[in-house]
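The opening position of the sequence shown corresponds to residue 1 in the working numbering, with each subsequent residue numbered one higher. C-beta: ideal position from N, C-alpha, C; glycine also. Note that the structure is a prediction, hence the values are computed from the model and not measured. Reading through the structure tokens given below for one structure.
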Amino acid sequence: MSVTHLDSLEKIVSLSKSRGFIFQSSEIYGGLSAVYDYGPLGVELKRNIQGEWWKAMTQVHDNIVGVDAAIFMHPKVWEASGHVEGFNDPMIDDKQSKKRYRADMLIEQHILKIRNKGDDNKADELQHLLNTTGTRKGLCEDLYDIIISEEIKSPDSGAFDWTEVRQFNLMFKTHYGAVTKDEDDVIYLRPETAQGIFVNYKNVLDTSRVQIPFGIAQIGKAFRNEVVARQFVFRMREFEQMEMQYFVEPGTDEAEYEKWLETRIAWHKKLGIRGENLRVSPHPEDKLAHYARAAADIQYKYPIGWQEVEGIHNRTDFDLSRHTEYSGKKMEYFDQKNQKRYTPYVIETSVGLDRTTLMVLCDAYREEEVEGESRTVLKMHPKLAPTKAGIFPLIKKPELQELARKIENSLREDFKVMYDEAGSIGKRYRRQDEAGTPFCITVDFEGLEDNTVTIRYRDDMKQDRVAVDQVAAVIQEGLKTWQA
């Protein structure tokens, strides 16, 4: 059997559309850029990933609890967090096409073109200039100087007619309440979910009887007005995060940071992601966020290259201290045993649910040549599979359909299953292979006599004869023992 792994993002985009994983939002009206809807299979896959993360956080650990904070928050939250002042991207406009671009990405694309032409020295020189923007003049001025000196043209119009570079805030702004629009009623769609955890820190501390170290987990929507949003669901304007903030005593933060980095990379592998497609990329000190003492990306090798799927950060006491300053409410922790007070440090684990879903699809994708025929199959972990079993009567005969429906009904309490009687058995197998369904159960005439069925396994296409009353046990065992 010859096997080909995923070599382009377009194949996942096509499969996602044809099999009902992910659709373009508002597609009948031409679509909405960088916004996507999850279809029948996609929503099941996403919820299964959510479930695995939630279990790994709040069920496995007895000192991590969950919250579900509102999307709308008091505007002061975003002042305290620094988002109002500093959550910006450097933007430049093409006067001819009226399109807006991120200035640093324009330069990065220009550097890539130079490197592809074989001029590595020139590319390295420009990369150094890009890496040190803000040290010669201001960030925007430095970026503008590079664009002008290199005569970088607009990707769309081909014109060299730019505005100056200026900062563009990425938060979506709206107005709150049925009043005249003015600055007093401005409110934001949250650009991250972490602040909802920080502002509830004292509520959780006072009501949950937790003690340091402890964590607060949350899954929720976030919104960023990304000007350059592309690459399918990898970068979107509306996306979902799974975050856990772990509150620790200062001085223990470095050890906790290393522990969580190791724990989180293990979780991705436990999902069935191949180890060779995962790596840890620490942030150099000069590139750390203003609030971070240490940070690292867990990266996956997508068809678009190595990209971040999760970030692990030592946020120190920055967030709780800022909210103390802006709210006037103390965010200290009192250690009764040692009779001391301190503001906890925070170790953050932040993983994109949409990026994780895309990672699972990419890692599972295979094109196989089997006895002269080709098949596309998603070899994802069975516990993530949208449908656990397909159930087929061999042909459309009432007695076969009746037994197949009986099996379907018996499994539905414990598993997501699908009954299918359309087309040949081969075509039905192929449909379920593309959906990632790990088991297919076929009811034939032999089974009417001895009460057995054929179970066909997705990964190796082998088949076993199994008693009807053992089908659920076989599926359950397969979910527990599967290995990538």
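Please list the segments of the beta strand (DSSP E) lying wholly inside the segment 47-88, counting only runs of 3 or more residues, in order along the chain. 64-66
Using the three-state DSSP reduction, which class does PRO90 fall into: helix, strand or coil? strand
Which full runs of the alpha helix (DSSP H) of 4+ residues lie inside the segment 224-291, going along the chain? 253-270
Just to confirm, are PRO438 and ALA473 a CB contact at a threshold of 7 Å? no
If contacts are defined as beta-carbon pairs under 8 Å, then ALA389 and VAL360 qualify, I think. What distance do you get, rounded to the angstrom? That belief does not hold up - the Cβ atoms of ALA389 and VAL360 are roughly 19 Å apart, past 8 Å.
Confirm, please, whether the CB-CB distance from ASN200 to VAL67 is below 7 Å. yes
Nearest-angstrom beta carbon gap, VAL280 and THR356 [assumed within contact, 8 Å]: THR356 to VAL280, Cβ: 16 Å. No contact.
Could you check what DSSP says for PHE160 in three-state terms: helix, strand or coil? coil
At the level of alpha carbons, what is the spacing between GLU408 and PHE415? 10 Å
With DSSP as the reference, please indicate the residues paired to THR174 in a beta bridge. ILE187
Could you name the residues of the same chain whose beta carbon sits closer than 8 Å to that of MET236, not counting the 5 residues immediately before and after it, in chain order? ALA34, VAL35, TYR36, GLU226, ALA229, ASP354
Starting from ALA103, trace the alpha helix (DSSP H) both ways and give me its first and last residue. 103-116
Three-way DSSP call (helix, strand, coil) for PHE445 in this model: helix
Using a 10 Å radius around the Cβ and a threshold of 16 neighbouring Cβ atoms, would you call TRP306 buried or exposed? exposed
State yes or no: is the C-beta of ASP317 within less than 7 Å of the C-beta of TYR345? yes
Element boundaries [beta strand (DSSP E), containing ALA508]: Outside the shown range of the chain, which is 1 to 484, sits residue 508, and nothing can be said about it.
For GLY272 and ARG293, I'd like the C-alpha separation in whole angstroms. 31 Å
Going straight from the alpha carbon of LEU448 to that of ASP460, what length do you get? 27 Å
VAL60 versus HIS110 - alpha carbon distance: 47 Å
Taking only runs that begin and end inside the segment 403-444, name each unbroken alpha helix (DSSP H) of 4 or more residues, in chain order. 425-435
Return the Cβ separation of TRP267 and ILE347 in integer angstroms, given the expectation that the two are a contact with Cβ distance under 8 Å. At roughly 15 Å, the Cβ-Cβ gap does not stay under 8 Å, so TRP267 and ILE347 are not in contact.
Since TYR144 is in the alpha helix (DSSP H), which residue starts that stretch and which ends it? 139-149
State the Cα-Cα distance for the pair ILE265 and GLN96, rounded to the nearest angstrom. 46 Å
Hey, would you say THR343 sits closer than 7 Å to GLU325, going by beta carbons? no
For the beta strand (DSSP E) containing ASP464, list its first residue and its last residue. 463-467
Let me know the alpha helix (DSSP H) ranges lying completely inside the segment 294-366, each 4 residues or longer, listed in chain order. 318-327, 353-364
Contact check, GLU421 vs PRO393, beta carbons under 7 Å: yes
Evaluate contact between the segment 206-217 and the segment 247-254, counting only Cβ atoms and requiring at least three cross-stretch pairs below 8 Å. yes
Counterpart residues of ILE152 in DSSP-defined beta bridges: ILE152 pairs with nothing; no bridge assigned.
Own chain residues within Cβ distance below 7 Å of LYS396, not counting five before or after: GLU421
With a threshold of 8 Å, are at least 3 pairs of Cβ atoms found where one atom belongs to the segment 187-195 and the other to the segment 65-84? yes
Any chance the segment 99-115 sits against the segment 127-136, with 3 or more Cβ pairs inside 8 Å? yes
I need the boundaries of the beta strand (DSSP E) containing ALA389, first residue and last residue. 389-393
ALA296 vs LEU288 beta-carbon contact at 7 Å: no
I think LEU429 touches ILE391, with their Cβ atoms under 8 Å apart; what is that distance to the nearest whole Å? The question names Leu, but residue 429 in the sequence shown is Tyr. Not quite, the Cβ-Cβ distance comes to about 12 Å (not below 8 Å), so this is no contact.
TYR201 lies in the beta strand (DSSP E); which residues open and close that run? It is not in any beta strand (DSSP E) - TYR201 instead sits in the alpha helix (DSSP H) that spans 201-207.
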